[in-house]
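Here the sequence shown is numbered in the numbering used here, starting from 4 and rising by one per residue. Positions of the beta carbon are idealized from the N, C-alpha and C atoms, including for glycine. Source: prediction; values computed, not measured.
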Amino acid sequence: MDKIIVIVGTNHEFQWSDKCRSNDEIEKFRNYLSVLVKKHSIHAIAEEMNKEVLNENSQDESIPFQVAQSFNIAHQYSDPTIDEQSELGIMNEGTIEYYGQYRNNWSREEIQERIEKEYRKREAVWLARIKTLNKWPLLFICGSEHVTPFCNKLLKSGFIVNIEANSWTA
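Below, the structure is given as structure tokens:
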């Protein structure tokens, strides 16, 4: 079977019932994902998210998780936790910002380059995890800034990629 991945880039606030987004906006996102599941005959949903982030935002589960449940298909939180990132030598954005601004006097460009480098490491983890999940076609939801580089990584790994949204918004 072809390894097909459908990508949706968005703001993470849509991935859970957040106070920053109205119920109407969240429902639009839920409906959008449901349409994609049907349109592409999706067998699994994976996302740039982990339980730790959900808990920090007083959430038990994400909207993509709920959509997967409603279709009785597999779901995966693909993003490594803070502890996993530490074990893998991945620095988070806040740490890079802090060291760049207050400890090392890095330029804005250097800070951004370092953040991008760490993003690529996280994207490699997502790729490994979705390969392990091994359910196709797969719908992947991530932050908009990851769509193009993650798509390129997937294409280099032999996946067929369909970008449905670079930056979905309600």
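Within the DSSP bridge table, the entry for E50 names Y80, I144 as partners. DSSP places T151 within a helical segment (H, G or I) once states are collapsed to three. Counting every other CB atom within 10 Å of its CB across the protein chains shown gives A71 a total of 16 or more, marking it as buried. No Cβ-Cβ contact shorter than 8 Å links S20 with A49. G12 and V150 do touch by the CB rule: their CB atoms are close to 4 Å apart, below 8 Å. Of the other Cβ atoms in all chains shown, fewer than 16 fall within 10 Å of the Cβ of A131; this residue is therefore exposed.
Under the DSSP definition of a beta bridge, W171 partners with T13. With respect to the 8 Å criterion, K156 and E119 are not classified as neighbours on the basis of their beta carbons.
In the DSSP assignment, L91 falls outside any alpha helix (DSSP H), carrying neither H nor E.
Taken through DSSP and simplified to helix, strand or coil, N60 comes out as coil. Three or more beta-carbon pairs separated by less than 8 Å are not found between the segment 100 to 114 and the segment 14 to 28, which leaves the two stretches without contact.
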